[in-house]
Amino acid sequence: MSKEPAGVWNYVRGFENLSLCDWPGRSTCIIFLGGCNLHCPTCHNFELAWDMNALPPMDPVRIKAYIRDRAGWLDGITVTGGEPTIVPGVAELLFEIKKFGLPIKMDTNGMRPEVIKELLEYKLVDAFAVDIKGPWYKYPSLTGNAVSEIAAQANLARIFELAKANPEAFYFRTTQVPDLTDKDLAIAQAYLPLGYELTIQKFVPPRRKPEHAKPNHEERRPAGNVVN
Ligand code: SF4
Numbered sequence: 001m002s003k004e005p006a007g008v009w010n011y012v013r014g015f016e017n018l019s020l021c022d023w024p025g026r027s028t029c030i031i032f033l034g035g036c037n038l039h040c041p042t043c044h045n046f047e048l049a050w051d052m053n054a055l056p057p058m059d060p061v062r063i064k065a066y067i068r069d070r071a072g073w074l075d076g077i078t079v080t081g082g083e084p085t086i087v088p089g090v091a092e093l094l095f096e097i098k099k100f101g102l103p104i105k106m107d108t109n110g111m112r113p114e115v116i117k118e119l120l121e122y123k124l125v126d127a128f129a130v131d132i133k134g135p136w137y138k139y140p141s142l143t144g145n146a147v148s149e150i151a152a153q154a155n156l157a158r159i160f161e162l163a164k165a166n167p168e169a170f171y172f173r174t175t176q177v178p179d180l181t182d183k184d185l186a187i188a189q190a191y192l193p194l195g196y197e198l199t200i201q202k203f204v205p206p207r208r209k210p211e212h213a214k215p216n217h218e219e220r221r222p223a224g225n226v227v228n
């Protein structure tokens, strides 16, 4: 790409054409947005989360053309990060891709419940996959001291209220990073509203560590590939 895309599209720093496992039971494409409000020492997407300019911007025209052309074959779109709820103008991006008629799932750490509430009310997101990092008291260490125990509990309490009112719109998951014990996972499960199961994700160490040494997490890295 010769010039940077304008507005919210400049935060799009990765695109995966097809994932069969990201949204259980659905084939989706994945849009990766740069920036995060946490600093988890186990972050796998550290470049995307903390240094998005290390990754080239994507061409919005090609992404939209891909989704438009494959809309009949895809079951949805995943919007992930980083942390999508902190991206300025994220609603605009969702509004644009909603036009293709596919359901949208957003991955979030749940620390901006007011944004989640708004996106839900405006029907810009159909499902949220919310990370529960672990027991409240471990939030400071699990998030690089970005969130206190009290803030984590308060924010997720608001998310749980939204989940109770919109049970079809929420999933909860925990990545079993090395600091989490089985007892921690049981504690996290007990936080969830009645009827919810916590999905436990296997921790996959990152492929490499950043030079300035903020280690590693989760699932996947932005692939940055768009099929024409
Ligand atoms: S693990 Fe997720 S929430 Fe934590 S820093 Fe990385 S992208 Fe952000």
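Note that the UniProt record's numbering gives residue 144 to position 144 of the sequence shown, counting from 1, and the numbers run on in steps of one.
Quick reminder that beta carbons are idealized off the backbone N, C-alpha and C, glycines included.
Nothing here was measured: the structure is a model prediction, and the numbers come from that model.
Contact check, residue i vs residue j, beta carbons under 9 Å
{"i": "H44", "j": "G144", "result": "no"}
{"i": "L192", "j": "I132", "result": "yes"}
{"i": "Y139", "j": "F172", "result": "no"}
{"i": "G34", "j": "G82", "result": "yes"}
{"i": "A169", "j": "L102", "result": "no"}
{"i": "F100", "j": "A129", "result": "no"}
{"i": "I97", "j": "V115", "result": "no"}
{"i": "L142", "j": "P57", "result": "no"}
Straight-line Cα distance separating residue j from residue i
{"i": "F46", "j": "F32", "result": "12 Å"}
{"i": "A186", "j": "V61", "result": "45 Å"}
{"i": "N155", "j": "S148", "result": "11 Å"}
{"i": "A163", "j": "P113", "result": "11 Å"}
{"i": "D179", "j": "A65", "result": "42 Å"}
{"i": "Q153", "j": "W136", "result": "6 Å"}
{"i": "Q176", "j": "K202", "result": "6 Å"}
{"i": "residue 285", "j": "A146", "result": "Residue 285 falls outside the range modelled here, since the chain spans only 1 to 228, and no answer is possible."}
{"i": "I63", "j": "C29", "result": "10 Å"}
{"i": "L74", "j": "K123", "result": "19 Å"}
{"i": "G25", "j": "L55", "result": "30 Å"}
Near the ligand SF4: residue i beta-carbon under 8 Å from a heavy atom
{"i": "G82", "result": "yes"}
{"i": "E131", "result": "Note that residue 131 is Asp in the sequence shown here, rather than Glu. Result yes, Cβ under 8 Å from the ligand SF4."}
{"i": "F46", "result": "yes"}
Residue burial classification, residue i (beta-carbon count within 10 angstroms, cutoff 16)
{"i": "P84", "result": "buried"}
{"i": "W23", "result": "buried"}
{"i": "C36", "result": "buried"}
{"i": "A157", "result": "exposed"}
{"i": "T199", "result": "exposed"}
The stretch 4-17 touching the stretch 86-93, judged by at least three CB pairs closer than 8 Å: Judged by Cβ distances under 8 Å, the stretch 4-17 makes contact with the stretch 86-93, as three or more pairs qualify.
Say whether the stretch 46-59 touches the stretch 8-27, bearing in mind that this needs 3 or more beta-carbon pairs closer than 8 Å, one atom from each stretch. At 8 Å Cβ cutoff, the stretches touch.
Do three or more CB pairs link the stretch 100-111 to the stretch 68-83 at distances below 8 Å? In the pairwise beta carbon analysis, the stretch 100-111 is classified as touching the stretch 68-83: at least three pairs are separated by under 8 Å.
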